[in-house]
Structure formats: C-alpha cells, structure tokens
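Quick note on numbering: the sequence shown equals residues 1 to 470 in the UniProt record's numbering.
From the three backbone atoms N, C-alpha and C, an ideal C-beta is built for every residue, glycine too.
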Amino acid sequence: MVSKLIPVVMCGGAGTRLWPVSRDTMPKQFIPLLGQDSTFQRAIRLLANSTVFAEPIVITNAEYRFTVLEQLQAVGISAQVVLEPMRRDSAAAVAVATEFALARDPNAIVGVFAADHIVQDSVLFVETCRKAGVVAAQGKIVTIGIPPNYPATGYGYIQPGKEISSGVRQVAAFVEKPDAERAAQYLLNGFLWNSGNFIFDATTMRAELEAFEPHVLEPVMIAVAEAKPDLDFLLLDAKAFDQAKTISIDYAVMERTKKAAVITGNFGWSDVGGWSAVWDLSEKDTNGNAVEGRGYVLDGSNNLVRSEDTLVAVIGLDDIAVISTRDAVLVAPKAKADKVKDMVTLITSKGEAEAGVHREIQRPWGKYLSVDMGARYQVKRITVKPGGILSLQKHYHRAEHWIVVRGTAEVTRNDATIVVHETESIYLPIGCVHRLANPGKIPLELIEVQVGSYLGEDDIIRIEDVYRRS
Numbered sequence: 001m002v003s004k005l006i007p008v009v010m011c012g013g014a015g016t017r018l019w020p021v022s023r024d025t026m027p028k029q030f031i032p033l034l035g036q037d038s039t040f041q042r043a044i045r046l047l048a049n050s051t052v053f054a055e056p057i058v059i060t061n062a063e064y065r066f067t068v069l070e071q072l073q074a075v076g077i078s079a080q081v082v083l084e085p086m087r088r089d090s091a092a093a094v095a096v097a098t099e100f101a102l103a104r105d106p107n108a109i110v111g112v113f114a115a116d117h118i119v120q121d122s123v124l125f126v127e128t129c130r131k132a133g134v135v136a137a138q139g140k141i142v143t144i145g146i147p148p149n150y151p152a153t154g155y156g157y158i159q160p161g162k163e164i165s166s167g168v169r170q171v172a173a174f175v176e177k178p179d180a181e182r183a184a185q186y187l188l189n190g191f192l193w194n195s196g197n198f199i200f201d202a203t204t205m206r207a208e209l210e211a212f213e214p215h216v217l218e219p220v221m222i223a224v225a226e227a228k229p230d231l232d233f234l235l236l237d238a239k240a241f242d243q244a245k246t247i248s249i250d251y252a253v254m255e256r257t258k259k260a261a262v263i264t265g266n267f268g269w270s271d272v273g274g275w276s277a278v279w280d281l282s283e284k285d286t287n288g289n290a291v292e293g294r295g296y297v298l299d300g301s302n303n304l305v306r307s308e309d310t311l312v313a314v315i316g317l318d319d320i321a322v323i324s325t326r327d328a329v330l331v332a333p334k335a336k337a338d339k340v341k342d343m344v345t346l347i348t349s350k351g352e353a354e355a356g357v358h359r360e361i362q363r364p365w366g367k368y369l370s371v372d373m374g375a376r377y378q379v380k381r382i383t384v385k386p387g388g389i390l391s392l393q394k395h396y397h398r399a400e401h402w403i404v405v406r407g408t409a410e411v412t413r414n415d416a417t418i419v420v421h422e423t424e425s426i427y428l429p430i431g432c433v434h435r436l437a438n439p440g441k442i443p444l445e446l447i448e449v450q451v452g453s454y455l456g457e458d459d460i461i462r463i464e465d466v467y468r469r470s
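Next comes the structure, spelled out in structure tokens:
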C-alpha cells in the first residue's frame with residue numbers, strides 16, 4: 001500500500017508577469033486573482049484531501065512568512081512552513097522537501113506543486129496525483145504533463161515515450177521553450193506541456209540529486225539538520241544553505257535522470273502566466289468583457305478591466321487589458337500581455353520604486369498604506385489587527401503624530417502607557433521610545449503623520465519585537 005503523499009508547495013517566487021498587481025512585496029500567489037482565495041490558498045485547499053495527502057510542507061522565504069501563515073489560518077489548514085534564508089532556485093527547494101519528507105517517513109512519496117497555478121477539476125487532480133504516487137513508489141519521478149490546446153511558446157514540452165501503466169509513460173525527452181513553428185509541430189506530435197509539478201519517491205530523488213548535483217544536496221542536508229524553530233516556522237541554517245548551488249530541478253535532475261515518467265493531467269490547468277490567462281479564466285459579460293472592481297466598458301468586447309480603487313472607463317476598444325492599482329496603471333493589447341515582464345525591467349532600470357513595491361505594505365501585525373508624501377512629511381493609514389503589536393522602536397530623524405479613527409490604541413511612549421480612543425490623537429517626538437498595540441476586538445485604524453529630515457523605513461530602530469525582526 002502506498003503511503004499518503006506529502007505535498008510540498010513552493011511559495012517563494014516573485015512574479016512580474018502580472019504587474020502592477022503582482023510585485024515583490026506581494027506576489028501573485030498571495031493575491032485573489034479569481035474569486036476570494038489567492039492561488040496559494042486554492043493550492044492548499046486542493047491538497048487538503050486527507051485520504052491522499054498528508055499535512056503539507058510550504059517552502060517560502062522570510063519576507064513572505066507571515067503572509068503564508070495568515071492565509072493558511074484564513075482557510076483553516078495547518079502546514080509545516082520552512083523558510084529559505086536566501087533564494088537558490090528549485091533544485092535546492094526540492095532537496096529541502098526531500099529531506100523533510102524522509103525525516104517524517106523513510107518511504108515517503110512527495111508531491112511538489114506550484115503555489116501560483118490554477119486547477120479547475122479538483123477531483124480529477126487528486127485522482128491524478130494518487131495514480132502518480134503509485135508509479136512513484138516504484139522508483140519513478142513522475143511529472144504532470146498537460147495536453148496543449150494551442151502551440152504555446154512560453155512552456156517547456158515533454159515527449160511521452162513507452163507506456164508504463166494506464167495514463168503513465170516514460171519520458172522520451174524534455175524540450176525547452178520552442179519557437180512558434182516548432183510548437184505547432186509539437187502539438188501535432190502529441191507532446192505535453194511541462195507543468196512543473198511532479199511526484200516522486202523521496203529516496204529516489206535523494207539518490208538522483210546525490211549523483212547529479214551533490215553541491216545542491218550536501219549543503220541542503222546540513223541546512224535541514226541545523227534548522228531552528230522561529231516562532232511558527234522552521235528556519236534553515238543560512239551558512240549551509242548559502243553554499244547550495246543555484247540551479248533549477250529541471251536542469252539538475254529531470255533532464256538527466258533515466259527514471260522520469262509523465263502522467264497526463266486532464267484536470268484543467270493554468271499557470272496564470274499573464275493577464276491574457278486571467279481573462280481566459282474570468283467570468284465575462286455577454287460581450288466577453290471581464291471586469292473586476294470599478295470598471296466600465298462601452299462599445300467594446302473581450303477586454304479585461306481590473307481596478308483596485310480608481311474608476312476606469314473604456315470606450316470603443318477590443319481585446320485589451322487595463323489594470324489599475326493605487327499607484328500604477330497598465331494598458332496593453334491582451335495579445336501583447338507577455339511583454340509585461342519586459343516593461344517591469346524597463347521601469348526598474350529607470351529607478352521607479354513601483355516596479356517592485358506596493359503602496360500598501362503588509363506586516364505581521366496588519367498593514368500600512370502610504371497616502372501622501374513630500375520632502376519632509378509622509379502620511380500613512382495604518383491598520384492593526386486585533387491583538388497586533390508593533391515593535392518597540394525609536395527614530396532619529398522623524399516625529400510622528402497618530403490620530404485614531406477606529407478602535408482603541410494602546411500606546412507606549414517612553415515610560416508611560418496611554419490608551420487613545422477614536423477621534424483622539426497622540427504626539428511622538430523625535431527620539432522617544434514608542435510602541436503601538438491593538439488591545440481590542442476590532443481592527444485599529446489610525447492616520448500617521450510623519451515629519452522630519454529623513455522618512456525612510458530604515459530609520460526604525462527596533463528595541464524589542466514579538467515577531468523577531470529586531
């Protein structure tokens with residue numbers, strides 16, 4: 001009998017193809033692109049079938065750790081959350097997953113899944129994983145191949161070979177992203193898209209990594225052995241993990257192993273790789289327009305309009321994407337949406353902070369939104385979750401004025417603790433030691449006005465922090 005699959009969700013990437021909604025500070029896997037759940041939450045829900053899957057492992061980095069925890073809690077699913085000290089590509093992440101799985105079960109079968117993909121038929125997805133697990137238990141590394149419905153040039157392809165069992169074949173070849181002509185030929189020849197999701201016997205994967213990439217496996221084994229608890233997370237040893245070679249699992253193992261197999265995934269899959277894909281998956285009106293937020297279309301069809309805040313009006317245009325956030329707007333033909341990554345590279349080169357940073361920033365205690373900024377002042381809207389506590393801190397270059405607009409604030413100012421109610425305010429002069437907490441049952445909302453000669457976030461001197469960011 002095959003033991004339950006240990007599902008591993010890779011959750012550390014920062015996607016730019018869905019800019020300006022997806023940025024480094026809040027990438028696409030944590031954003032509700034379709035419905036109320038983020039793609040990460042959708043993936044976690046898929047893997048919650050306890051007849052097939054064990055408790056999941058989530059591999060992410062320190063920057064996203066509290067977002068991962070918050071989104072897990074929102075869907076009521078527990079997971080082991082492992083933090084990479086730095087990015088080392090997917091081979092190191094797979095090695096980490098392998099070691100943690102083997103620590104649970106020496107006969108572990110592991111499934112590695114992306115956090116930013118969409119599956120439409122969850123029942124068929126679970127059954128496909130179960131069948132793949134049976135084959136993986138025979139010493140195979142089973143990748144999930146997707147039947148292509150158009151000659152895509154943005155995916156790698158898999159050439160299926162000899163049949164191993166029903167629906168599962170040996171991998172004859174992995175093929176890099178092709179040009180349009182070659183992609184059309186692959187479509188005719190029955191090639192499959194490489195989804196990047198795969199299921200394997202952990203002992204087999206460790207052996208293949210040891211044979212092909214010991215400079216990945218050996219540092220990872222040490223990093224896992226020396227991992228330390230950090231609040232609700234496990235932090236890999238940074239010194240050891242830093243020595244791991246940076247290489248993808250495709251190059252490290254999948255394109256070199258003789259043990260690769262492929263199972264066809266007919267469950268409706270998308271990597272949500274751009275705004276055109278979001279339009280494909282979205283609900284549309286009778287004219288083919290998909291509108292999210294404050295958007296309106298007149299005399300236009302097959303458009304994607306998404307607005308976080310600003311009213312967006314589109315007249316007489318077809319087949320375009322208009323994406324509006326608080327601080328950036330993207331307008332492009334849907335057919336050119338694959339150029340978004342190039343645009344992000346361009347605006348990054350021009351020093352535009354909006355390339356990677358949102359105006360609204362998530363924190364473990366809540367969030368803040370930069371409302372206005374000048375040479376010597378900044379205005380923020382701060383929201384603190386019930387029970388949330390900011391760090392005990394001080395600033396050398398700015399004073400702050402807090403005005404409570406909802407809830408109750410408990411403010412530490414030097415040696416005093418002061419309760420500030422709605423409509424009340426408090427002044428924090430330069431250099432004073434202070435802390436903000438929400439002792440109430442509802443979110444605390446306040447307006448912060450900063451005034452000073454330097455307003456950067458690096459003028460926060462943390463003295464004490466319950467989230468261990470000191």
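For His215, the secondary structure class from DSSP, reduced to helix, strand or coil, is helix. Pairing Tyr368 with Ile382, the inter-Cα distance amounts to about 4 Å. Scanning its chain for C-beta atoms nearer than 6 Å, with the 5 sequence neighbours on each side dropped, one finds around Tyr186 the residues Tyr157, in chain order. Between Ala409 and Pro429, the C-beta spacing is not below 8 Å. Beta-bridge partners assigned by DSSP to Gly145: Asn194 and Thr264. Val329 is positioned such that its CB atom lies no closer than 8 Å to that of Leu304.
The shortest C-alpha to C-alpha distance from Ala184 to any of Tyr155, Ile389 and Ile31 is the one to Tyr155. According to the DSSP assignment, Asp242 belongs to no beta strand (DSSP E), since it is labelled neither H nor E. DSSP places Met254 within a helical segment (H, G or I) once states are collapsed to three.
In the structure shown, the three-state DSSP call for Leu436 is strand. Leaving aside the five residues that flank Gly387 on each side, the residues in its chain whose CB is nearer than 7 Å to its CB run, in chain order, Asn438. The three-state reading of DSSP puts Ile77 in coil, since its state is none of H, G, I, E or B. With 16 or more other CB atoms across the displayed protein chains lying within 10 angstroms of its CB, Leu47 is buried. Rounded to whole angstroms, the gap between the alpha carbons of Leu18 and Gln159 is 29 Å. Taking a C-beta distance under 8 Å as the contact criterion, Thr25 and Gly356 qualify as a contact pair. Around the beta-carbon of Thr310, fewer than 16 other beta-carbon atoms lie within 10 Å, marking it exposed. Note: Gly111 is bridge-paired with Pro7 and Ile199 in the DSSP secondary-structure output. Taken through DSSP and simplified to helix, strand or coil, Gln185 comes out as helix.
Three or more Cβ pairs closer than 8 Å define a contact, and the stretch 141 to 152 falls short of that threshold against the stretch 36 to 46. Arg469 sits in coil when the DSSP states are folded into three classes, being neither helix nor strand.
Closest by C-alpha distance to Ala337, out of Ala252, Asp280, Gly452 and Asn194, is Asp280.
Going by DSSP, Gly295 is part of no alpha helix (DSSP H) but of the beta strand (DSSP E) stretching over Ala290 to Leu298.
Relative to Leu188, the option among Arg65, Pro148, Pro56 and Val379 whose CA is nearest is Pro148.
The shortest C-alpha to C-alpha distance from Tyr377 to any of Val384, Ala313, Val405 and Val451 is the one to Val451. Judged by DSSP secondary structure, Arg381 falls outside any alpha helix (DSSP H) and instead within the beta strand (DSSP E) spanning Tyr377 to Val384. Ranking Val291, Thr204 and Ala223 by CA distance to the CA of Ala240 puts Ala223 first. Residues Phe66, Leu231, Pro364, Trp365 and Ser391 of the same chain have their beta carbon placed closer than 8 Å to that of Tyr467, with the five preceding and five following residues left out of the count. With a cutoff of 8 Å on beta-carbon distance, Leu234 and Gln29 are scored as not near each other. Residue pairing for Asp179: DSSP places it in no beta bridge.
For Gly12, same chain residues with a beta-carbon under 8 Å away, outside a window of 5 residues either side, are Ile59, Thr60, Asn61, Tyr64, Glu84, Arg87 and Ala93 in chain order. According to the DSSP assignment, Phe233 belongs to the beta strand (DSSP E) that extends over Phe233 to Leu235.
The continuous beta strand (DSSP E) containing Arg363 extends over residues Glu360 to Arg363.
Within the same chain, Lys394, Arg413 and Asn414 come within 8 Å of Cys432 by CB-CB distance, once the 5 residues on both sides are set aside. Per the C-alpha coordinates, the member of Met10, Ser22, Lys4 and Val9 positioned closest to Ile323 is Ser22. Counting only runs of 4 or more residues that sit fully inside the stretch 299 to 372, the alpha helix (DSSP H) segments are 340 to 349, in chain order. Secondary structure of Met221 (DSSP, three-state): helix.
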